[in-house]
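Visitor: Pasting a structure below so you can have a look.
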Amino acid sequence: MQTLSNYSTSERGLADLKVEEGDVLKAYRDIAGVWTIGAGLTAASGVVKPHAGMVITAAESDRLTRLALARNYEPRVRKAVAKGVVPHNQAAFDGAVHFDWNTGRIHNATWVKLFNAGKLTEAEASLKTWNKAGGRVVAGLQNRRRREADKIFRGKYHSDAKATLSAKPGAWAVFVVAVDDAQKGAVREELEKLGYAVGPHKGEIAADAVRSFQRDRDLTVDGKIGRATLSALQRDIDARAKAKAQTATAAGGGALAGGSDVAPDAVSTVIDPALAGQIGLIVAAAGIAVLAILAYRYRDVVATRVQRRLPRLAAWLRSF
């Protein structure tokens, strides 16, 4: 029985990783607002400190990704996945590395113990349970686990069938990371909500619409939908949702601000009117403070809103 202790990520494994993570050569904020570059590298990787305006070459992205793999992920996988019990050990190693890159949990994942014990059917089923975020099943994670399982248990690389990922966009945008049809439809819908002319064909997104979105958010303008574009779009969605919820609360959605089901005259018999007014001011001030915090957290989204009228302010907001 072979062990995986001498393996490193293969070229096909690296290609598959970039199908998952993208290969972004200009620093961008991920969904959490953390500066990111290359194949999802943040300062936490220990190999690079992305910052506003940072640009790297494709060769440097490969070098940094390899360095992060060698320092952080491959040693953990070699230690955790002790036995090779499939005929395609290289693909199994690559798939395990991809799992750890995404989760950081190769050391205590139940599927690994089952895999080492030769219980491959149970191991695959356990691997596929890693499909939740915030307690909910996420389609993107379901699909990612499926692709990892294909490598680990069947030796199948998805980058082999992704020749279109490197294609230059023409009239229609191309996706350069792995997404399913439902995700593509959601991207089209959100871009249309933001006022971009996505085109008349439901299954396509006009490349000009994507380029306009990228230009407005200071991303690389290429008409390709990758990790940076998807992250910027998700941050816009999140910012609007949170601002809407907070505005509703500050305007009267909370019980102390008038959102209670108790009749007004009943409240007045319990709380002195003057005190009630003070409470209202406190709640309003708290709402404004929360909105200010949201504005700071999503300052890149705010920059997009003000850049045409206040380009210097937009540039400053994006600088930190």
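Heads up: the sequence shown at position 42 corresponds to 42 in the UniProt record's numbering, and the numbers run straight through without jumps. Even for Gly, the Cβ is constructed at its ideal location relative to N, Cα and C.
Could you say which of K202, F175, E189 and A209 lies nearest to Y196 if we only look at CA atoms?
Guide: Check the Cα spacing between Y196 and each of K202, F175, E189 and A209: the tightest is with A209.
Visitor: Taking just the CA atoms, how far does D100 sit from V262?
Guide: Because the pLDDT of V262 is 38, which lies under 50, any placement of that residue in the model is unreliable, and the number read from its coordinates should be weighed accordingly. C-alpha separation (whole angstroms): 52 Å.
Visitor: Determine the extent of the alpha helix (DSSP H) in which K184 is found, giving its start and end residues.
Guide: D181 to K193
Visitor: Exposed or buried, which one is S319 when buried takes at least 16 other CB atoms within 10 Å?
Guide: Per the 10 Å Cβ criterion, exposed.
Visitor: Could you give the residue range of the beta strand (DSSP E) that holds I205?
Guide: No beta strand (DSSP E) contains I205, which DSSP labels as neither H nor E.
Visitor: What distance in whole Å lies between the Cβ atoms of R29 and S212, which are believed to be in contact at a cut-off of 8 Å?
Guide: With a Cβ gap of about 19 Å, S212 and R29 do not count as contacting.
Visitor: Going by the CB atoms, is the gap between Y157 and R12 shorter than 8 Å?
Guide: Taking 8 Å as the Cβ cut-off, R12 and Y157 qualify as a contacting pair.
Visitor: Look at R154 and L127 and say whether their C-beta atoms are less than 8 Å apart.
Guide: no
Visitor: In chain order, what residues of the same chain have a beta carbon less than 7 Å from the beta carbon of A133, not counting five sequence neighbours either side?
Guide: Taken in chain order, the residues that qualify are L141.
Visitor: Can you grab the Cα-Cα spacing for the pair L17 / H98, in whole Å?
Guide: 7 Å
Visitor: Per DSSP, which residues does G38 bridge with? Please list them.
Guide: V24
Visitor: Who are the Cβ neighbours of A163 in its own chain at under 6 Å, not counting the five residues just before and after it?
Guide: Unreliable placement is indicated for A163, whose pLDDT of 45 sits below 50; no coordinate value is reported for it.
Visitor: Do E148 and G95 have their beta-carbon atoms positioned less than 8 Å apart in this structure?
Guide: Yes.
Visitor: Which residues bound the alpha helix (DSSP H) around R318?
Guide: That residue, R318, is in no alpha helix (DSSP H); it is neither H nor E in DSSP.
Visitor: Alpha carbons only, please: which of L233, K202 and A206 is nearest the one belonging to D216?
Guide: L233
Visitor: What residues are listed by DSSP as bridge partners for K119?
Guide: Its beta-bridge partners do not exist; DSSP assigns none.
Visitor: In terms of alpha-carbon separation, which member of R105, E124 and T42 lies closest to L114?
Guide: Check the Cα spacing between L114 and each of R105, E124 and T42: the tightest is with E124.
Visitor: How many Å lie between P87 and R78 at the Cα?
Guide: Their Cα atoms are separated by approximately 17 Å.
Visitor: Could you tell me if E20 is buried or exposed, where buried requires 16 or more neighbouring beta carbons within 10 angstroms of its beta carbon?
Guide: buried
Visitor: Identify whether V47 lies in helix, strand or coil by the three-state DSSP scheme.
Guide: Under the three-state reduction of DSSP, V47 is assigned to coil, being neither helix nor strand.
Visitor: Straight-line CA distance for V138 to V177?
Guide: 17 Å
Visitor: How long is the line joining the alpha carbons of S159 and D150, rounded to whole angstroms?
Guide: The alpha-carbon atoms of S159 and D150 are separated by roughly 12 Å.
Visitor: How is A70 classed by DSSP in three states: helix, strand or coil?
Guide: helix
Visitor: Compare the C-alpha of L64 against each of A182, V24, T304 and D222 and name the closest.
Guide: V24
Visitor: Could you check the C-alpha separation between V34 and A44 for me, to the nearest Å?
Guide: 10 Å
Visitor: Per the DSSP calculation, R136 is bridged to which residue(s)?
Guide: A133
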